[in-house]
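Beneath this line is the structure, given in C-alpha cells, with notes to follow.
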Amino acid sequence: MQVSSLNEVKIYSLSAGRSLPEWLSDRKKRALQKKDVDIRRRIELIQDFEMPTVSTKIKVSRDGQYIMAVGTYKPRVRCFDTYQLSQKFERCLDSEVVTFEILSDDYSKIVFLQCGRFVEFHSQHGHYYRTRIPKFGRDFSYHYPSCDLYFVGASSEVYRLNLEQGRFLNSLQTDASESNSCDINPVHFLFAMGTAEGKVECWDPRTRNRVGLLDCALSSVTADTEIDGLPSISALKFDGALNMAVGTSTGQVLLYDLRSSNPLIVKDHHYGLPIKSVQFQHQLDLIISADSRIIKMWNKDTGKIFTSMEPEHGINDVCLYPNSGMLMTANEDPKMNIYYIPVLGPAPKWCSFLDNLTEELEENPESTVYDDYKFVTRKDLENLGLAHLVGSSLLRAYMHGFFMDIRLYHKAKMMANPFAYEEYRREKIRQKIEETRAQRVQLKKLPKVNKELALKLIEEEGEEQQITRKRKQKNLPSLLKDDRFKVMFENPDFQVDEQSEEFRLLNPLVSKISEKRKRKLKILEELEAQEQEEEEELEGRASDAESSESSDDEKGWVEEVRKQRKLLRQEEKLKRQERFKEDQQTLLKPQFFEIKEGEEFRSFKDSAKKQKLMKKTLEDRLKLEEKLGTLNVSDTTVGSKQATFKLKKSEQQRKQQEAERQHRQERRTLRRSASHLRSKRGRGRLFH
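Right under this line is the structure:
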C-alpha cells in the first residue's frame, strides 16, 4: 500500500503493487508471496478487481453491496460482491459499452448503451432484451416517475424509450447539432443536456418544453484560459435542487445556480483535456472533477484546492463510494484503482479494517510514494548522461525537474562516477573517527575574528547557565548564535585592537584577565592542529590537555591606570627616538619641480614643507600642529580626547584682509578731514 500526501491530506492507494496472473496455481502464488516482500505486503481489497485490458466505466449499486465495471477486450461487464470481497459474475457482450445505468437497488436491472446504437437490458439471470436507437448514442438518463429513458448522441433529437409500455415515445427536438452528456435532477426531475456548441438546455419532462438555456462556452473563457476551439460540454451533474456542475472539453468546470445564468465558480484544470467525470462530496462541500490525467478535489464555495491525485495511467471514469472516503477509478490499464482518503469519511462497512490499518500507519510512518524515486533536475540528468530520456516513461516531470526510479539512478551514477566507492569508503572512515573523537575532550569551535571575546562570552554563558539552573530561570540567547552580531565574529574590520590607547585606559584590568584566555587559545589551537594531522593520517589517538591557571593578584583600579599611562609614555618616547634616528639617516637629494601656470614661485621651502607634511601620518601632522599652536589636545574626565583647531589663513586671504584694512583706514582719514573743513566753515560764518 502506497501513501501520498498533498496539502496534508493522506491518500492511501489500495491497488498499488504487482498483481499475480490468473493462470497461476494457489501453490505457486503462496511460493511467490514467501519470496517477494512486495507481493506479501500488498493489499488485495477485492479479489481480481481488474479487466483484461481496459476498464471504461465503474458504478456502485444503491444498496452499496455490488460494484459493476465494464471494459474490454472482449467487451464485458463484471460484478463484484463487496460482502464476499470477490467477483460475483462476468458477462461478455457483443459490442463495447459507452455507458450503463443500474436501475434497481442491486444488480437485477441494468441498461447498457453500446457502440453499435444498441440498447441492451439485463436482468438477474442475464441478457433480457435488446433494441436499437436511430443515431449513435453518447449518454442516457433514467426518469424514475415516468419510467422513461432519455438518450442523447449524434443527433439534434433526444430519444425517449418508455420501459413500462415497451415502446419509443415522441422525441424532443433541440437546437443543438449533437449532444454529449445529460442528467436528471433527483429532486424536481429537470432534464438537462450538454451540447457540442457549449450550451446546456434544460427541459421539463412533464410538458416536454425547453425551460432554460445556458451558454457555458462563453462563461468558461476567462482572462487566464487559452483555448484552441469552441468548448463543448463533456460532463454534467446535478447537486440538490439548485446546483449544477458542468465540465467542458477544454478542461474547465463551471458551478451554476439554476436561478442565475452566470457561473458561481469557474475552475480550470490547466491541462486542456476534456472533463470525464464530476462528483459531489457533501460532507466537506467538495467537488471531485477528473480529466484523463488528474483528479482534483476543490471546495465548491471558494474554489480552493483540497487535494489531487495523478494516477500512472489515463482515467476513464471516477466513482465515489457513498458515505465513505473510498474512491474508485476506471483507467487505461487492466487494474482498476482504489483509493482511501480518511479525511473524506470512514471506510465502508465491508472493509472497516482499513481504519485500524491507516491509524497504525500514521503512528509508525514508513515509506511514501516518493521513497522509491529520486528527484533530479535537468542539470543532474546531463551530468549523468541521461538527458536523452526526457519525454520517455522512465522520467516523470514534476515541478522544475523529474522523478526517476532510484535503482536506475544508482546504476547511472555508478557508471558516471566509477570512484564513488572510494568516496563512500572515505566518508565511512571519517564517520568512525568522529565517533571515537566524541569520547574525547570536546573542543570549543571559536570564530576566526575576536577569538578572545568569543571565549569570554562562552565562559560568561556557562556561568549564567549554572546560575539559571539554581534559580530555575530561562536561559538568555547567546550573542554568538544571534544573527545581528554575526558580522562581529566574521569581518576582520571588527577586530578589537587591544594595543590601542583607548582600550588599555578603559580596560586596565582586562590585560591580566586576557592572559588566561590567551593560554586557553594556545591550548585549543594546539589541539586543533593535532586533529588536522590525525585527519590526514586517518588515525585517531586520544589526547588530554591540561591547562594550568595562575592565580592573579587583586590590585586597585587606580594603580592599574597609572601603570598603563606610564607604559604609554615610555612607548611614545621610544617611537620619537626611532623617528629622530630615521630622520638623521635620511640623505637629502636634489629634486626638480615644475611650476604650474598661474602660480607664483615663492621659495623651495614652502613646497618642500608641504610635501614633507603630506608624506607624514595624521598622528605626526597633529603633533606638529600642536607645537605650532594651531591645535590643542586635552584629556577629558571620561578618558577620551578633546581637540580644538585654529584654521590657517592662505596668502590670498591675507592680501584681501590687508587691502580691506587699508581701505577702512583711508575712509577714516577722509571722514576726519571732511569734518575738520565743516567745522572751519562754521566758525567763519559766525565771525561774519
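Here the sequence shown is numbered in the UniProt record's numbering, starting from 1 and rising by one per residue.
For glycine and all other residues, C-beta sits at the position ideal for the given N, C-alpha and C.
Quick caveat, the model's predicted, so the values are computed rather than measured.
**Request:** Buried or exposed for phenylalanine 353, please, with buried defined as at least 16 other CB atoms from any protein chain shown within 10 angstroms of its CB.
**Result:** exposed
**Prompt:** Just to confirm, are lysine 304 and aspartate 291 a CB contact at a threshold of 7 Å?
**Reply:** no
**Prompt:** Of the choices Pro274, Asn243, Gln653, Met488, whose alpha-carbon is the least far from that of arginine 259?
**Reply:** Of the candidates Pro274, Asn243, Gln653, Met488, the one whose C-alpha sits nearest the C-alpha of arginine 259 is Asn243.
**Asked** If we count the other Cβ atoms within 10 Å of its Cβ and call it buried at 16 or more, is alanine 674 buried or exposed?
**Response** exposed
**Prompt:** Using the C-alpha atoms, what's the distance from glutamate 197 back to leucine 230?
**Reply:** If you take the alpha carbons of leucine 230 and glutamate 197, they lie about 7 Å apart.
**Message:** Just to confirm before moving on: does the CB-CB distance between glycine 153 and phenylalanine 168 stay below 7 Å?
**Reply:** no
**Asked** What residue from Asp268, Glu362, Arg160, Arg91 has the CA that sits closest to phenylalanine 191's CA?
**Response** Arg160
**Message:** Out of Asp380, Leu384, Ser5, Gly251, which one is the CA nearest neighbour of aspartate 268?
**Reply:** Gly251
**Message:** Going by the DSSP bridge assignment, what does cysteine 147 pair with across the sheet?
**Reply:** In DSSP, cysteine 147 forms no bridge with anything.
**Asked** Got a sec? Which residues, its chain only, sit under 7 Å from glutamate 50 by beta carbon, not counting five neighbours each side?
**Response** Ser19, Pro334, Lys335, Met336
**Asked** In whole angstroms, what is the alpha-carbon distance linking valine 158 and serine 177?
**Response** A straight-line Cα-Cα distance of about 11 Å links valine 158 and serine 177.
**Message:** For alanine 412, count the other beta carbons within 10 Å of its own beta carbon; 16 or more makes it buried, fewer makes it exposed. Which is it?
**Reply:** buried
**Prompt:** What is the DSSP secondary structure of serine 308, reduced to helix, strand or coil?
**Reply:** Correct three-state label for serine 308: strand.
**Message:** Given this structure, state the Cα-to-Cα distance separating methionine 193 from proline 346, to the nearest angstrom.
**Reply:** 34 Å
**Spatial distance of glutamate 435 from phenylalanine 402 (CA atoms)** = Cα to Cα, glutamate 435 sits roughly 37 Å from phenylalanine 402.
**Message:** Are the CB atoms of threonine 174 and residue 695 within a distance shorter than 7 Å?
**Reply:** Outside the shown range of the chain (1 to 688) lies residue 695, about which nothing can therefore be said.
**Message:** For valine 77 and isoleucine 294, what's the separation of their Cα atoms in angstroms?
**Reply:** 25 Å
**Prompt:** Relative to the C-alpha of aspartate 239, which residue among Asp228, Leu255, Thr248, Ser232 is closest?
**Reply:** Leu255
**Message:** I'd like to know if the stretch 377 to 391 and the stretch 307 to 323 are in contact, where contact means that at least 3 CB-CB pairs between them fall below 8 Å.
**Reply:** Output reads no: the stretch 307 to 323 does not touch the stretch 377 to 391.
**Message:** Rounded to the nearest angstrom, what separates leucine 6 and glutamate 362 at their Cα positions?
**Reply:** 15 Å
**Request:** Please classify leucine 538: is it buried, with 16 or more other beta-carbons within 10 angstroms of its beta-carbon, or exposed?
**Result:** Only weak support exists for where leucine 538 lies, its pLDDT of 45 falling under 50; the coordinates are left without a value.
**Item:** Strand pairing of valine 158, partner residues [DSSP]
**Value:** Leu172
**Prompt:** Helix, strand or coil for methionine 51 per DSSP?
**Reply:** coil
**Request:** Tell whether a beta-carbon distance below 7 Å holds between leucine 286 and phenylalanine 306.
**Result:** yes
**Item:** beta strand (DSSP E) runs contained entirely in the stretch 197 to 238, provided each spans 3 or more residues
**Value:** Taken in chain order, the complete beta strand (DSSP E) segments of 3 residues or longer contained in the stretch 197 to 238 are 199 to 204, 209 to 215.
**Item:** Pair within 7 Å by beta-carbon distance, serine 95 and glutamine 114
**Value:** yes
**Message:** Counting C-beta neighbours from all protein chains within 10 Å, is the total for arginine 667 16 or more, i.e. buried, or is it exposed?
**Reply:** exposed
**Asked** So what's cysteine 351 in DSSP terms, helix, strand or just coil?
**Response** helix
**Asked** Is valine 9 closer than 7 Å to valine 343 when the C-beta atoms are compared?
**Response** yes
**Message:** I want to see whether chain C comes within less than 7 Å of leucine 670, judged by CB atoms only; does it?
**Reply:** In the displayed structure, chain C is absent; only one protein chain is listed.
**Asked** Looking at C-alpha atoms only, which residue of Lys237, Glu459, Lys627 is the closest neighbour of residue 725?
**Response** Nothing about residue 725 can be reported from this structure: the residues present for the chain run from 1 to 688 only.
**Message:** Tell me the rounded alpha-carbon separation between threonine 630 and isoleucine 458.
**Reply:** Between the C-alpha atoms of threonine 630 and isoleucine 458 there is a straight-line separation of about 48 Å.
**Message:** For aspartate 544 and isoleucine 433, what's the separation of their Cα atoms in angstroms?
**Reply:** Caution applies to aspartate 544, whose pLDDT of 41 falls short of 50 and renders its modelled position unreliable; the value that the coordinates give is listed next. For aspartate 544 and isoleucine 433, the distance between alpha carbons rounds to 17 Å.
**Backbone CA spacing between phenylalanine 151 and glycine 126 [nearest angstrom]** = In a straight line, the C-alpha of phenylalanine 151 is about 23 Å away from that of glycine 126.
**Request:** Please classify glutamate 332: does DSSP put it in a helix, a strand, or coil?
**Result:** coil
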